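Here the structure comes first, spelled out in structure tokens, and everything after it is commentary.
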Amino acid sequence: MAENEEEKDTTKKYPAVALYGPCTVKNLREGDTKLWCACGLSKSQPWCDGSHKGTGIKPLKWTVPKAQSLYQICACKYTRDPPYCDATHTNLP
Ligand code: FES
Numbered sequence: 549m550a551e552n553e554e555e556k557d558t559t560k561k562y563p564a565v566a567l568y569g570p571c572t573v574k575n576l577r578e579g580d581t582k583l584w585c586a587c588g589l590s591k592s593q594p595w596c597d598g599s600h601k602g603t604g605i606k607p608l609k610w611t612v613p614k615a616q617s618l619y620q621i622c623a624c625k626y627t628r629d630p631p632y633c634d635a636t637h638t639n640l641p
């Protein structure tokens with residue numbers, strides 16, 4: 549599929565579950581920009597590696613709000629508060 553055709557595809561898609569739990573991410577710097585994988589296909593969870601191409605799902609651009617020792621970042625991809633884990637993974641089938 550050509551790149552412009554991919555962008556026109558508005559079919560509702562659902563993400564794959566990468567992990568039934570969060571990724572614990574350490575040592576992020578305040579103000580850093582990350583692309584959170586929303587499709588669940590990235591091999592670099594929880595971040596986007598471009599594997600979403602052709603899925604109709606795009607990554608979420610996230611700016612680290614403050615330096616802290618760790619963040620719990622959603623890897624099931626069904627959080628209601630992306631990119632943060634909200635424990636939705638505990639209710640997935
Ligand atoms: S690889 Fe999943 S959104 Fe980019």
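The numbering of the sequence shown is the working numbering, which starts it at 549 and goes up by one.
Glycine included, each C-beta is placed from N, C-alpha and C at the ideal position.
Only a predicted model underlies this, so the values are computations on that prediction, with no experimental measurement involved.
Taking the DSSP output, what are the residues bridged to Cys571?
Ile621
Can you tell me whether Lys561 sits near the ligand FES, meaning its C-beta is under 7 Å from at least one heavy atom of the ligand?
no
For Cys596, verify whether its CB is less than 7 Å away from any heavy atom of the ligand FES.
yes
Could you pull the DSSP bridge partners for Lys582 from this structure?
Trp610
Contact between the stretch 602-618 and the stretch 634-641 is defined here as three or more beta-carbon pairs at a separation below 8 Å; is this criterion met?
no
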